[in-house]
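Taking it in order: structure first as structure tokens, then the write-up.
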Amino acid sequence: MMRCAIVGYGFLGRALVKSLRESYGGRVKVTCIANSRGTLFKEGGVDLNQLPAELSEAVGFREVSPIDYLDKRWVDVLVELTPTNVIDGRPGIDYIRAAMRAGLDVVTANKGPLALAFDELMREAEDKGVLLRYEATVGGGIPVFTLHRYYLKSDKLISIRGILNGTSNYILTRMHFEGMPMDLALEEARMLGIAERDSKLDTEGIDTAIKSVILANSLLQAKKRLSDVKITGINSITLDAIHAAKEMGMTIKLMGLVEDGKISVEPRLIRLNHPLCVHGTLNAIDIIAENLGSLTLIGHGAGKSTVTALLSDLNDIARLKYID
Ligand SMILES: NC(=O)c1ccc[n+]([C@@H]2O[C@H](COP(=O)([O-])OP(=O)(O)OC[C@H]3O[C@@H](n4cnc5c(N)ncnc54)[C@H](OP(=O)(O)O)[C@@H]3O)[C@@H](O)[C@H]2O)c1
37 MMRCAIVGYG FLGRALVKSL RESYGGRVKV TCIANSRGTL FKEGGVDLNQ
87 LPAELSEAVG FREVSPIDYL DKRWVDVLVE LTPTNVIDGR PGIDYIRAAM
137 RAGLDVVTAN KGPLALAFDE LMREAEDKGV LLRYEATVGG GIPVFTLHRY
187 YLKSDKLISI RGILNGTSNY ILTRMHFEGM PMDLALEEAR MLGIAERDSK
237 LDTEGIDTAI KSVILANSLL QAKKRLSDVK ITGINSITLD AIHAAKEMGM
287 TIKLMGLVED GKISVEPRLI RLNHPLCVHG TLNAIDIIAE NLGSLTLIGH
337 GAGKSTVTAL LSDLNDIARL KYID
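Residue numbers for the sequence shown follow our numbering, so the first one is 37 and each next one is one higher.
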């Protein structure tokens, strides 16, 4: 039985617990759950059916950091689900490092640590003989890293293009099909709860840049940082520009581009019938490889589809290390 600590009990932490309770129980035991206020630790396993809506109301919840519980005596895998911070990666990067130092494997959905210190973290994982999995960080439920690990590694990857931010894609879709002004479409995205708390991360292309860096480092060993990315967001795109594109059977999409050793984020014209041209909050990733040619993956970039990515990473670790 693989024992997990879930650090970060917001949208994804709760959705993961729900899945573990309903359909995945038995193979994974959760010994620790933490949020920003404290930690619930049960050496024999937290009863996921008895968790109150507020974690802090659970019997045994203590206002302490989970870091002391990230120890091989009680936990095998850290599932790190704290907020993304691209300034210094904290608190996620501290939890990930503490867990790996203690010999724990790690699954994370948190883009910050990987966008800031991909190579360092991978080296630390290798030095400690642990696995660090991050399928959920890019494209939500789209299995791009798993596909690379188990299928694409035999080919030579040439470039990656992606529509990687659901909010900006939603805004551009509303502009294209309904002729809605950008500020109204953004307001709608906020009301639907799609936009990041700081929507500049979406519209200024920063979220797309973060994900492009992780893709470039993971799939193309690019050794790039966020500061290496040339970023142009969608703020200057007018309805007139969208209309002109439409007249040519095209539209404008915000794309993360990894090509010729460079990473950039910019609005690009794309034909409406191109496989990469997805609408609404959908994400799409197009990989070009020497033998394979072009392969386009399409899926939901956020929401509960992301839980599939977390469970897949946990499953992979269980298969590689905990099941004979
Ligand atoms: N939501 C998605 O669809 C999605 C998709 C892909 C990737 N991600 C990434 O996955 C991560 C989690 O996303 P989410 O939507 O679940 O975020 P969220 O709803 O904001 O939840 C974040 C959780 O982290 C906790 N937290 C904050 N600071 C902490 C600290 N110092 N120690 C321990 N816990 C702390 C929060 O505690 P409180 O509850 O006390 O505030 C909260 O429980 C983020 O990095 C996000 O970018 C999310």
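We put the CB at the ideal spot given by N, CA and C, even for glycine.
Endpoints, the alpha helix (DSSP H) within which isoleucine 207 is located: Stepping through the sequence shown from its first residue, residue 207 is reached at position 171. Counting along the chain, the alpha helix (DSSP H) containing isoleucine 207 begins and ends at 202-214.
Alpha carbon to alpha carbon, how far is asparagine 85 from arginine 109? Give it in angstroms, no decimals. For the purposes of this step, residue 109 is taken as residue 73 along the sequence shown, with counting starting at 1. For the purposes of this step, residue 85 is taken as residue 49 along the sequence shown, with counting starting at 1. C-alpha separation (whole angstroms): 24 Å.
Candidates Leu220, Ser235, Tyr206 and Asp276: which alpha carbon is nearest lysine 361's? Limits of the chain in this structure are 37 at one end and 360 at the other, which puts residue 361 out of reach.
Please report the distance separating the alpha-carbon of proline 149 from that of leucine 114. Residue numbering aside, residue 149 sits at position 113 when the sequence shown is read from its first letter. Residue numbering aside, residue 114 sits at position 78 when the sequence shown is read from its first letter. Between proline 149 and leucine 114, the C-alpha separation is close to 14 Å.
Let me confirm a value: leucine 156 is counted as buried when at least 16 other C-beta atoms fall within 10 Å, else exposed. Which label applies? In the sequence shown, counting from the first residue as 1, residue 156 sits at position 120. Before going on, a small fix: residue 156 reads as glutamate here, not leucine. Burial call: exposed.
Ends of the beta strand (DSSP E) at valine 180? Residue numbering aside, residue 180 sits at position 144 when the sequence shown is read from its first letter. Careful: valine 180 lies outside any beta strand (DSSP E), inside the alpha helix (DSSP H) at 180-186.
Glycine 128, enclosing alpha helix (DSSP H) - first and last residue: Start at 1 with the first residue of the sequence shown, and residue 128 comes out as number 92. Segment 128-137, the alpha helix (DSSP H) holding glycine 128.
Cβ of isoleucine 321 within 7 Å of Cβ of glycine 175? The count along the sequence shown starts at 1 and reaches residue 321 at position 285. The count along the sequence shown starts at 1 and reaches residue 175 at position 139. Yes, they are a contact pair.
Going by C-alpha to C-alpha distance, which of Gly198, Ala325, Asn271 and Ile69 sits closest to proline 217? By one-based count along the sequence shown, residue 217 stands at place 181. When each option's Cα is compared against that of proline 217, the closest is Asn271.
Can you give me the C-alpha to C-alpha distance between threonine 120 and leucine 200, rounded to a whole angstrom? As a working note, residue 120 is residue 84 in the sequence shown. As a working note, residue 200 is residue 164 in the sequence shown. So the alpha carbons of these two residues sit roughly 16 Å apart.
Which complete alpha helix (DSSP H) runs does the segment 47-135 hold, if anything under 4 residues is left out? 47-55
Considering valine 249, what are the terminal residues of the alpha helix (DSSP H) in which it resides? Within the sequence shown, residue 249 is the residue found at index 213, counting from 1. Note, valine 249: alpha helix (DSSP H), 242-256.
Between threonine 342 and the rest of its own chain, which residues show a CB-CB distance below 7 Å, the 5 nearest in sequence each way excluded? For the purposes of this step, residue 342 is taken as residue 306 along the sequence shown, with counting starting at 1. Excluding sequence neighbours, threonine 342 sits near Leu48, Ala145, Ala172, Gly176 and Gly177.
Name, in chain order, the residues that DSSP records as bridge partners for glycine 44. The sequence position of residue 44 within the sequence shown is 8, counting from 1. None; glycine 44 has no bridge partner.
Hey, alanine 325 and aspartate 191 are a contact pair by Cβ (cut 8 Å); roughly how many whole angstroms apart? For the purposes of this step, residue 325 is taken as the residue at position 289 of the sequence shown. For the purposes of this step, residue 191 is taken as the residue at position 155 of the sequence shown. About 4 Å separates the two Cβ atoms, so the contact holds.
Does the beta-carbon distance from alanine 94 to leucine 76 come in below 7 Å? Position 58 of the sequence shown, counted from the first residue, corresponds to residue 94. Position 40 of the sequence shown, counted from the first residue, corresponds to residue 76. Yes; because the gap between Cβ atoms is below 7 Å, this pair is in contact.
List the DSSP bridge partners of arginine 325. Looking up residue 325 in the sequence shown gives position 289. The residue asked about is misnamed: residue 325 is alanine in this sequence, not arginine. Answer by DSSP bridge pairing, in chain order: Leu193 and Gly329.
On the criterion of 16 or more Cβ atoms from any shown chain inside 10 Å, does asparagine 327 qualify as buried, or is it exposed? Start at 1 with the first residue of the sequence shown, and residue 327 comes out as number 291. Counting Cβ neighbours within 10 Å, asparagine 327 comes out exposed, since fewer than 16 surround it.
Between Arg50, Lys260, Glu240 and Gly241, which has its C-alpha nearest valine 363's C-alpha? Lying before the first or after the last residue shown, residue 363 is absent from the chain, which here runs from 37 to 360.
Continuous alpha helix (DSSP H) stretch holding glycine 269: start and end: Working through the sequence shown from its first residue, we reach residue 269 at position 233. No alpha helix (DSSP H) contains glycine 269, which DSSP labels as neither H nor E.
Span of the beta strand (DSSP E) around aspartate 141: Taking the sequence shown and counting its residues from 1, the one referred to as residue 141 is at position 105. Its beta strand (DSSP E) spans residues 141-144.
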